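Scroll down for the structure; my scribbles are underneath it.
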Amino acid sequence: MGFDIANRADLARLTFRAEVDWLKLDITLASASNGPTIQRLAKVTFAKPLDEGDGGAATRFRLTINEPKSWEDVERVLERVAGTRALAAPPTFYAVEVAVDIYSTNLADLASIAARRVQGAKKLCSASRRIAGAVYDETQSAWHVSYPRLRRLMEHGKTVYVGDKNDEVMQRFYVKRDDQQGGSRRTLPQTEWRARSEVRLQAGAMPFASLADARAFNFTALSRPFFAVGIPKPGLDPLRALIADAAPFASDLRLTVAHTKLNDRARYALRELAARMRIPTRRQRRKFGG
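Quick note, in UniProt numbering, the sequence shown goes up one by one and the last residue is 290.
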């Protein structure tokens, strides 16, 4: 018998972990500079000018900070910039992407988990739902794709997008088997494969603005709206049970009930993320290794 996300024994052997995938932080300088200079000083992935003038000079920049391990990492970015460029205003967060990963070395199991997280999502942020490959714009609607086909597509590297690029909220569901490093993609070791559920919050949807707000933020606040999953209700008549098991978005049809065990583990992973982000990165290395 194959993997069953509703089976407690199957669920017990999985590892859950939440991550901040990236942050976008807006800074304002007292005097003009340019993107490459600020990127080099801050040691960040990207520094986008927001008020670029002639010659590329700007005073406002949006910094992309990939995979911060703690809020101390963000402080260090600001310290590196402020060491040579005075800040004219307090920095503010513009966007954050948070992921809850479920690890397994079995690709078929991961595809099943990822597809079930889409199908049983208790809340999806938009009616815009697409399936895409490596290129976001090469998409097809996810509305009429059955769960079995969705599982096969995700096993072959497809991603489900909910929401659009410029929306304040967007979700993604996929099996993560590779990663972007230094401008190129690398295949992850099998022990690092995971079924990933992500939410990106930006602009008015940001749950925190300042670094002080971020330190106080409890990531479990994202659990119910974005990471809660349901499974088909017990006791459905045969036809409704078949629909609940096969429909791409069974929660929309009110055919699911909350998967308490899975949701509790996702919430715990988010709670652990909140605690981890408050621990300086150097202390994390001593405590967790790496």
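Each residue gets a CB set at the ideal place from its N, CA and C atoms; glycine is no exception. Just so we're clear, the structure is a prediction, and the values are computed from it rather than from any experiment.
Between the CA atoms of R278 and L50 - distance to the nearest angstrom: 29 Å
How should H259 be labelled, buried or exposed, when 16 other C-beta atoms within 10 angstroms of its C-beta is the threshold for buried? Buried is the call here.
Going by DSSP, name the residue or residues bridged to P49. F61
State the beta-bridge partners of F173 as determined by DSSP. V160 and S197
Pick helix, strand or coil for I131, following the three-state DSSP scheme. If DSSP states are grouped into helix, strand and coil, I131 belongs with the strands.
Beta bridge counterpart(s) of K24 as assigned by DSSP: T64 and A95
Quick one: grab the DSSP three-state call for residue 292. Residue 292 is absent from the model: the chain starts at 1 and stops at 290.
Pair every Cβ in the segment 26-39 with every Cβ in the segment 113-121, then say whether three or more of these pairs are closer than 8 Å. no
Exposed or buried, what is T256 when buried is set at 16 or more other beta-carbons lying within 10 Å of its beta-carbon? buried
Grab me the residues of F16's own chain with a C-beta within less than 8 Å of its C-beta, minus the 5 sequence neighbours each way, in chain order. If we look at F16 and ignore the five residues flanking it on each side, its Cβ neighbours are V100, D101, I102, Y103, R265, A266, Y268 and A269.
Look at the alpha carbon of A199 and the alpha carbon of I243, and state the distance between them as a whole number of angstroms. At residue 199 the sequence reads Val, which differs from the Ala that was named. Roughly 27 Å separates the two Cα atoms.
Cβ atoms of L262 and L25: under 8 Å apart, would you say? no
Count the other CB atoms within 10 Å of the CB of K158; is the residue buried (16 or more) or exposed (fewer)? The residue in question, K158, is buried, as its Cβ has 16 or more Cβ neighbours within 10 Å.
Nearest by alpha-carbon distance to D178: which of L14, A58 and L188 is it? L188
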